[in-house]
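Colleague: Here it is, the structure, as structure tokens.
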Amino acid sequence: MSEVVKLLEDIRIINTVTSVSSESKLVFVADENPKFDLEEMLKASGQILGHGTFGTAYMVTFDNGDTIMVRRFRDVIPFWELEQHMEIIGRIRHGHVAKLRAYVIKKEEALLVYEYYNQSSIYALLHEAMVQVLQIGMDCAAAVPQHRPKMPQMVRMLEEISGTEPSNESRGKMD
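Everything in the sequence shown is counted per UniProt numbering, starting at 1 for the first residue and increasing by one.
Spelled out as structure tokens, the structure:
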């Protein structure tokens, strides 16, 4: 039996013994339409994404191929306070923030269900861009002046890294 399956079975055992049981219901936030319930979510296959100070994150994949991310918190703040936070977090829409879809809060535990964000981390994106910018800097400091890029080339390289369209000036000088 794989480690992930064992952990998910442990979660199911713990959930029924402690706080989140099959009678609990997912509360879907904002404009989310229920496509699954808690029981389906607990039965779906999952994989641990990481452990944090307050809990564990799991990637959960349903039989139909849909994927979500579930964060499981222990020793959470009082229900009414967390519920208020969930409603606010549920309305956040940003390209680099995973969308909260649903949550379950019981006693000393909470499950937060997010849209699975299958992109690189912000750290990875920034790190990659920084490496490219540093490489341009190294090219500009080449010992042999003929090996250094010209200003229009540098502008175009920086525009490519930043994802912006080349300006008319840099386009005209490069053509």
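The beta-carbon is built from N, C-alpha and C at its ideal position, and this holds for glycine as well.
Note down the Cα distance separating Met157 from Ala142, rounded to an integer number of angstroms.
Modeller: As a position in the sequence shown, residue 157 is number 157, starting the count at 1. As a position in the sequence shown, residue 142 is number 142, starting the count at 1. Each residue's Cα considered, the two are about 16 Å apart.
Colleague: By the three-class DSSP mapping on this structure, what secondary structure does Glu40 have?
Modeller: Here residue 40 refers to the residue found at position 40 of the sequence shown. Glu40: helix per DSSP, three-state reduction.
Colleague: Rounded to the nearest angstrom, what separates Met86 and His51 at their Cα positions?
Modeller: Taking the sequence shown and counting its residues from 1, the one referred to as residue 86 is at position 86. Taking the sequence shown and counting its residues from 1, the one referred to as residue 51 is at position 51. So the two alpha carbons sit approximately 21 Å from each other.
Colleague: Tyr116 to Gly163, Cα distance in whole Å?
Modeller: As a position in the sequence shown, residue 116 is number 116, starting the count at 1. As a position in the sequence shown, residue 163 is number 163, starting the count at 1. Those two C-alpha atoms are separated by around 24 Å.
Colleague: For the beta strand (DSSP E) that His60 lies in, which residues bound it at each end?
Modeller: Numbered from its first residue, the sequence shown carries residue 60 at position 60. Here the sequence assigns Val to residue 60, which means His is not the residue at that position. First-last of the beta strand (DSSP E) with Val60: Gly55 to Thr61.
Colleague: Following the continuous alpha helix (DSSP H) through Arg156, name the residue where it begins and the one where it ends.
Modeller: As a working mapping, residue 156 is identified with position 156 in the sequence shown. Start and end: Met151 to Ser162.
Colleague: Would you list the residues sitting across from Tyr103 in a DSSP beta bridge?
Modeller: Here residue 103 is taken as the residue at index 103 of the sequence shown, counted from 1. Its beta-bridge partners are Val27 and Leu112.
Colleague: What span of residues does the beta strand (DSSP E) with Gln146 cover, start to end?
Modeller: As a working note, residue 146 is residue 146 in the sequence shown. Element bounds for Gln146: n/a, residue is neither H nor E.
Colleague: Quick one: residues in its chain with C-beta nearer than 7 Å to the C-beta of Phe36, no 5 flanking neighbours on either side, listed in chain order?
Modeller: As a first step, residue 36 must be located in the sequence shown, where it is residue number 36. Taken in chain order, the residues that qualify are Phe62.
Colleague: Under DSSP, the beta strand (DSSP E) around His51 begins and ends at which residues?
Modeller: Translated into the one-based positions of the sequence shown, residue 51 becomes position 51. First-last of the beta strand (DSSP E) with His51: Ser45 to His51.
Colleague: I want to see whether chain C comes within less than 7 Å of Cys140, judged by CB atoms only; does it?
Modeller: Absent from the structure is chain C; it holds one protein chain and no more.
Colleague: Keeping to the same chain, check which residues put their C-beta closer than 8 Å to that of Val144; ignore five residues upstream and five downstream.
Modeller: For the purposes of this step, residue 144 is taken as residue 144 along the sequence shown, with counting starting at 1. There are no such residues.
Colleague: At what residues does the beta strand (DSSP E) containing Val70 begin and finish?
Modeller: Walking along the sequence shown from the start, residue 70 turns up at place 70. It spans Thr67 to Arg74 - the beta strand (DSSP E) in which Val70 sits, taken as one unbroken run.
Colleague: So, for Glu160: in the same chain, excluding its five sequence neighbours on each side, which residues have a beta-carbon less than 7 Å away from its beta-carbon?
Modeller: Walking along the sequence shown from the start, residue 160 turns up at place 160. Nothing meets the Cβ criterion.
Colleague: Count the other CB atoms within 10 Å of the CB of Lys99; is the residue buried (16 or more) or exposed (fewer)?
Modeller: Position 99 of the sequence shown, counted from the first residue, corresponds to residue 99. By the 10 Å Cβ count, Lys99 comes out buried.
Colleague: What does the alpha-carbon distance come out to for the pair Val29 and Arg91?
Modeller: As a first step, residue 29 is located in the sequence shown; it is residue number 29 there, counting from the start. As a first step, residue 91 is located in the sequence shown; it is residue number 91 there, counting from the start. Each residue's alpha carbon lies about 8 Å from the other.
Colleague: So, is Arg72 buried or exposed, given that buried needs 16 or more other C-beta atoms within 10 angstroms?
Modeller: Counted from its first residue, the sequence shown places residue 72 at position 72. Counting Cβ neighbours within 10 Å, Arg72 comes out buried, since at least 16 surround it.
Colleague: How many Å lie between Gly55 and Arg74 at the Cα?
Modeller: Along the sequence shown, one-based indexing puts residue 55 at 55. Along the sequence shown, one-based indexing puts residue 74 at 74. Using only the alpha carbons, I get a separation of about 6 Å.
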